[in-house]
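Visitor: Here the protein sequences come in this chain order: C and L.
The opening residue of the first sequence carries number 1 in this note's numbering; numbering runs sequentially from there.
The opening residue of the second sequence carries number 238 in this note's numbering; numbering runs sequentially from there.
Attaching a single structure in C-alpha cells format; questions to follow.
There are 2 protein chains.
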Amino acid sequence: MYGTLYGLGVGPGDPSLLTLKARAILEQVPVVAVPVSQRGEESLALQVVRQYLQPEQKTLNLFMPMSRDQAYLERSWDAAATELQEHLAGGSDIAFLTLGDSSLYSTYSYLVQRLQKMEPGIKIITVPGVTSFAAAAAGLNLPLATGDEPLAIIPALKDPATLKEYLPLFPNLVLMKVARHYDAIVEVLQEAGVAEKSVLASRCGQPGESFKRDLVAGKGQKQDYLSLIIVKGGGQP
Amino acid sequence: MYGTLYGLGVGPGDPSLLTLKARAILEQVPVVAVPVSQRGEESLALQVVRQYLQPEQKTLNLFMPMSRDQAYLERSWDAAATELQEHLAGGSDIAFLTLGDSSLYSTYSYLVQRLQKMEPGIKIITVPGVTSFAAAAAGLNLPLATGDEPLAIIPALKDPATLKEYLPLFPNLVLMKVARHYDAIVEVLQEAGVAEKSVLASRCGQPGESFKRDLVAGKGQKQDYLSLIIVKGGGQP
C-alpha cells in the first residue's frame, strides 16, 4: 500500500521549461517534497512549479544541508529518506522536485539509493528534465557539441589546475558552479587560449539571467552562485 | 519582416517529455521543419509531436543526409539553410524540430550558423529539451553523476581504444551510438573492470525501449542504432 515516489526534474528555472509529464504528475500528487539547504528557506524548485500547484497540496520540506562534512551529510540524507518513507508508507504519492534534471547532481539520487535499500519493492518513477547548461546554450543559440565531438561536464572544480587535464581531450566543456574559483579558472582558460571562445552564463532561465562573452573582464568580481562557463575550442582527440 | 526561427528540442521520443514552451510554440507556428536523412522518410522528431499539430500546419522536410563526405554534407546544409531562409523571408515563423536537446548533436546547429551569416539580424529562439541519456538514467532510476563527479558525453567513438583515455578521468560516462563498435567497446569496459557497473539503454522513451545490465551477453548481437551505454565506475581525478 506504499505510495509512489516521483522524482521530477523541473528544468533550470523558467516554469515553461517543465515537461508535460512533470506537470501532469504535479497536478495529481497530494504531497510535493523539496530539498531545502537552510531551515526556513523557500526552495527554488518549488518556486518554479508554484503556479501549477493547488492550495490543498502539501509541501514537505526535507532538510538537506550543504556541507563538506560527509558524515553530517549522510545523516541528513538518512533522515530525509526516513521522512519520505513514512509518508509513502501512509499510501501517499510524493513528487520530489529537482532543479534541472533529476539524475544530474541532485540530492534525489541519495534518497533513491536509501529508499531502495529500506524498501526494495518501492515504486519510484524518475522524470528527466532540462539541464541548466542546455538552457544556457539555447539562450546563446550556441551548440553544446556537434558531430563526433565529446562534451565534458565538470560540476565544481576543487582545484582549477585539474582543468588542464580535461582541456586537451574535449573541444567542448561545461564548467558548473564556477563562482568560487572564477579567477583561477579564467586564468587556466587564458593560458590555453580558449577564454575568448568561452561564455559565462548566470541564472539561466531565471530572473536576472545573463550571458557574458568577456570572461577576463569579470575577474576580481563576485559571480552569481548559479554560474557556469561553456568552454569552446579545447583540444580534440 | 522575416519570420522567427524556433529550434525546438522535442525530447527523446516520449511525447510527454516535450516542454510546455515547445508545445506552446508548436501550436502557434504555421510551418514545422524537420531534418530527414533519406528522401521520403518520416522524421522521428515529427512523429513525437504529431499529436500536437493541426492539419493546416505545413511540414517542411529538409534533406540532411548522413554521410562521411564533408563537402557533400556542407552542400546539403547550405541548401537546407537557404530553404529555411526563403520561408522566413516570406514572413513565416518556423519551428525546426530536434530529437533530444536542440544544442546537442543536432543538425540545427549547422543551420543556425549559416542563417546567422546569411541574415545577421535574423531572430532565432532556441528551446532546450530533454536528452536521450537523461531519459535513460531516469528509466533506470540511476544517477548520471552526483556530488563533484565529472561526466563525459562521448557521441560516437571512431576508435574504441580512445575510450581508455577517458576512463581514468571520469567516474561517469555516456557513450552514444554504440551499435557500430559495440563488441570492441564492451571489451575495453571489461578490461577496465567497469562492464558490470555499466548499462545499455536502447530506444529510450520510444516504443521498444530496453535496458540491459549484462553488456557482455550482448556481444556478437546487432544493437539498435539508438543505443547508448551509461558507464559507471571509471576513475576519479
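C-beta: ideal position from N, C-alpha, C; glycine also.
Taking only the alpha-carbon atoms, compute the straight-line gap between residue 213 (chain C) and residue 139 (chain C) and give it to the nearest angstrom.
Guide: Position 213 of the first sequence, counting from 1, holds the residue named residue 213 (chain C). Position 139 of the first sequence, counting from 1, holds the residue named residue 139 (chain C). Between the alpha carbons of residue 213 (chain C) and residue 139 (chain C) lies a distance of about 13 Å.
Visitor: Which whole-angstrom value is the C-beta distance of residue 202 (chain C) and residue 183 (chain C), which I expect to be below 8 Å?
Guide: Along the first sequence, one-based indexing puts residue 202 (chain C) at 202. Along the first sequence, one-based indexing puts residue 183 (chain C) at 183. That belief does not hold up - the Cβ atoms of residue 202 (chain C) and residue 183 (chain C) are roughly 16 Å apart, past 8 Å.
Visitor: Please say whether residue 331 (chain L) and residue 297 (chain L) have beta carbons closer to each other than 8 Å?
Guide: One-based indexing of the second sequence puts residue 297 (chain L) at position 60. One-based indexing of the second sequence puts residue 331 (chain L) at position 94. Yes, Cβ-Cβ distance for residue 297 (chain L) and residue 331 (chain L) is below 8 Å.
Visitor: Can you tell me the Cα-Cα spacing of residue 398 (chain L) and residue 447 (chain L), whole angstroms?
Guide: For the purposes of this step, residue 398 (chain L) is taken as residue 161 along the second sequence, with counting starting at 1. For the purposes of this step, residue 447 (chain L) is taken as residue 210 along the second sequence, with counting starting at 1. Spanning the two alpha carbons is a distance of roughly 26 Å.
Visitor: Unbroken alpha helix (DSSP H) runs of length 4 or more, entirely within the segment 195 to 234 of chain C: which are they?
Guide: none
Visitor: Looking at chain L, is there any beta carbon in it that lies within less than 8 Å of the beta carbon of residue 224 (chain C)?
Guide: Stepping through the first sequence from its first residue, residue 224 (chain C) is reached at position 224. Chain L, which has no Cβ nearer than 8 Å to the Cβ of residue 224 (chain C), makes this no.
Visitor: Flag this pair as yes or no: are the beta carbons of residue 370 (chain L) and residue 262 (chain L) separated by less than 8 Å?
Guide: Here residue 370 (chain L) refers to the residue found at position 133 when the second sequence is read from its first residue. Here residue 262 (chain L) refers to the residue found at position 25 when the second sequence is read from its first residue. Contact: no.
Visitor: Could one say the Cβ of residue 395 (chain L) lies closer than 8 Å to chain C's Cβ atoms, at least one of them?
Guide: Here residue 395 (chain L) is taken as the residue at index 158 of the second sequence, counted from 1. Yes, contact with chain C.
Visitor: Under 8 Å between the Cβ atoms of residue 434 (chain L) and residue 470 (chain L)?
Guide: The residue you call residue 434 (chain L) lines up with position 197 of the second sequence. The residue you call residue 470 (chain L) lines up with position 233 of the second sequence. In this structure, residue 470 (chain L) lies closer than 8 Å to residue 434 (chain L) by Cβ.
Visitor: Might you give, ordered along the chain, the residues of its own chain that have their beta carbon closer than 8 Å to the beta carbon of residue 137 (chain C), omitting 5 neighbours on each side?
Guide: The residue labelled residue 137 (chain C) in the question sits at position 137 within the first sequence. Closer than 8 Å at the Cβ level, and outside the excluded window around residue 137 (chain C), lie 143, 144 and 230.
Visitor: Determine, for residue 212 (chain C), whether the minimum Cβ-Cβ distance to residues of chain L falls below 8 Å.
Guide: On the first sequence, residue 212 (chain C) is found 212 positions in, with the first residue counted as 1. With 8 Å as the cut-off, residue 212 (chain C) does not count as an interface residue toward chain L.
Visitor: Jot down the residue ranges of each uninterrupted alpha helix (DSSP H) in the segment 373 to 426 of chain L, minimum 4 residues, whole runs only, in chain order.
Guide: 400 to 403
Visitor: Alpha carbons only, please: which of C:220, C:135 and C:49 is nearest the one belonging to residue 176 (chain C)?
Guide: Sequence index remark: in the first sequence, residue 176 (chain C) carries index 176 (1-based). Ranked by Cα distance from residue 176 (chain C), the options C:220, C:135 and C:49 are led by C:135.
Visitor: Can you check whether the CB of residue 78 (chain C) is closer than 8 Å to the CB of residue 114 (chain C)?
Guide: By one-based count along the first sequence, residue 114 (chain C) stands at place 114. By one-based count along the first sequence, residue 78 (chain C) stands at place 78. Yes, they are a contact pair.
Visitor: For the segment 6 to 21 of chain C, list every residue whose C-beta sits within 9 Å of some C-beta in chain L, in sequence order.
Guide: 7, 9, 11, 12, 14, 15, 16, 17, 18, 19, 20 and 21
Visitor: Out of C:154, C:192 and C:130, which one is the CA nearest neighbour of residue 407 (chain L)?
Guide: Walking along the second sequence from the start, residue 407 (chain L) turns up at place 170. For the residues C:154, C:192 and C:130, the minimum Cα distance to residue 407 (chain L) belongs to C:154.
Visitor: Applying the 10 Å Cβ sphere with the 16-neighbour rule, what's the burial state of residue 1 (chain C)?
Guide: In the first sequence, residue 1 (chain C) corresponds to position 1, counting from 1. Exposed is the call here.
Visitor: Can residue 98 (chain C) and residue 45 (chain C) be called in contact, C-beta distance under 8 Å?
Guide: Translated into the one-based positions of the first sequence, residue 98 (chain C) becomes position 98. Translated into the one-based positions of the first sequence, residue 45 (chain C) becomes position 45. It is a contact, given that the beta carbons lie within the stated cut-off.
Visitor: When DSSP labels each residue in this structure, what does residue 22 (chain C) get in the three-state scheme?
Guide: Mapped onto the first sequence, residue 22 (chain C) falls at position 22. Note: residue 22 (chain C) maps to helix in three-state DSSP.
Visitor: What does residue 95 (chain C) pair with, by DSSP beta-bridge criteria?
Guide: Locating residue 95 (chain C) in the first sequence gives position 95, counting from the first residue. Its beta-bridge partners are C:6 and C:32.
Visitor: In whole angstroms, what is the alpha-carbon distance linking residue 324 (chain L) and residue 317 (chain L)?
Guide: Walking along the second sequence from the start, residue 324 (chain L) turns up at place 87. Walking along the second sequence from the start, residue 317 (chain L) turns up at place 80. Rounded to whole angstroms, residue 324 (chain L) to residue 317 (chain L) spans 11 Å at the Cα level.
Visitor: Tell me whether residue 444 (chain L) is buried or exposed, calling it buried when 16 or more other Cβ atoms sit within 10 Å of its Cβ.
Guide: By 1-based counting over the second sequence, the position of residue 444 (chain L) is 207. With a threshold of 16 other beta carbon atoms within 10 Å, residue 444 (chain L) falls short and is exposed.
Visitor: Check each residue of the segment 97 to 112 of chain C: if its Cβ is closer than 9 Å to any Cβ of chain L, include it; give the result in chain order.
Guide: 101, 102, 103, 104, 105, 106, 107, 108, 109, 110 and 112
Visitor: Cβ of residue 102 (chain C) within 8 Å of Cβ of residue 13 (chain C)?
Guide: Residue 102 (chain C) sits at position 102 when you count from the first residue of the first sequence. Residue 13 (chain C) sits at position 13 when you count from the first residue of the first sequence. Contact flag unset, no.
Visitor: Using the beta-carbon of each residue, which ones in chain L are nearer than 8 Å to residue 149 (chain C)?
Guide: To locate residue 149 (chain C), count along the first sequence from 1; it is residue 149. The contacting residues are 392.
Visitor: Look at the alpha carbon of residue 76 (chain C) and the alpha carbon of residue 3 (chain C), and state the distance between them as a whole number of angstroms.
Guide: As a first step, residue 76 (chain C) is located in the first sequence; it is residue number 76 there, counting from the start. As a first step, residue 3 (chain C) is located in the first sequence; it is residue number 3 there, counting from the start. Each residue's Cα considered, the two are about 22 Å apart.
Visitor: Whole-angstrom Cβ separation of residue 253 (chain L) and residue 20 (chain C), contact assumed at under 8 Å?
Guide: By one-based count along the second sequence, residue 253 (chain L) stands at place 16. By one-based count along the first sequence, residue 20 (chain C) stands at place 20. Contact holds; Cβ gap of about 5 Å.
Visitor: According to DSSP, simplified to helix, strand and coil, what is residue 348 (chain L)?
Guide: Taking the second sequence and counting its residues from 1, one reaches residue 348 (chain L) at position 111. Note: residue 348 (chain L) maps to helix in three-state DSSP.
Visitor: In this structure, does DSSP put residue 49 (chain C) in helix, strand or coil?
Guide: Taking the first sequence and counting its residues from 1, one reaches residue 49 (chain C) at position 49. DSSP places residue 49 (chain C) in helix when its eight states are reduced to three.
Visitor: Go through its chain and collect everything with a Cβ distance to residue 244 (chain L)'s Cβ below 6 Å, but skip five positions before and after it.
Guide: On the second sequence, position 7 is the one that residue 244 (chain L) refers to. Excluding residues within five positions, the ones whose Cβ falls inside 6 Å are 333, 339, 345 and 363.
Visitor: Check whether the Cβ atoms of residue 152 (chain C) and residue 84 (chain C) sit closer than 8 Å, and answer yes or no.
Guide: Reading the first sequence from its first residue, position 152 is the one you call residue 152 (chain C). Reading the first sequence from its first residue, position 84 is the one you call residue 84 (chain C). Cβ distance not < 8 Å, so residue 152 (chain C) and residue 84 (chain C) don't count as in contact.
Visitor: How big is the Cα-Cα spacing for residue 477 (chain L) and residue 292 (chain L)?
Guide: The first residue shown for chain L is 238 and the last is 474, placing residue 477 (chain L) beyond what the model contains.
Visitor: Counting along the chain, where does the alpha helix (DSSP H) carrying residue 59 (chain C) start and finish?
Guide: Counted from its first residue, the first sequence places residue 59 (chain C) at position 59. Counted as a single uninterrupted DSSP element, the stretch harbouring residue 59 (chain C) is not any alpha helix (DSSP H) but the beta strand (DSSP E) occupying residues 58 to 63.
Visitor: Quick check: what's the CA-CA separation for residue 58 (chain C) versus residue 90 (chain C)?
Guide: By one-based count along the first sequence, residue 58 (chain C) stands at place 58. By one-based count along the first sequence, residue 90 (chain C) stands at place 90. Distance between the alpha carbons of residue 58 (chain C) and residue 90 (chain C): 14 Å.
Visitor: How big is the Cα-Cα spacing for residue 423 (chain L) and residue 284 (chain L)?
Guide: Numbered from 1 along the second sequence, position 186 holds the residue referred to as residue 423 (chain L). Numbered from 1 along the second sequence, position 47 holds the residue referred to as residue 284 (chain L). Those two C-alpha atoms are separated by around 32 Å.
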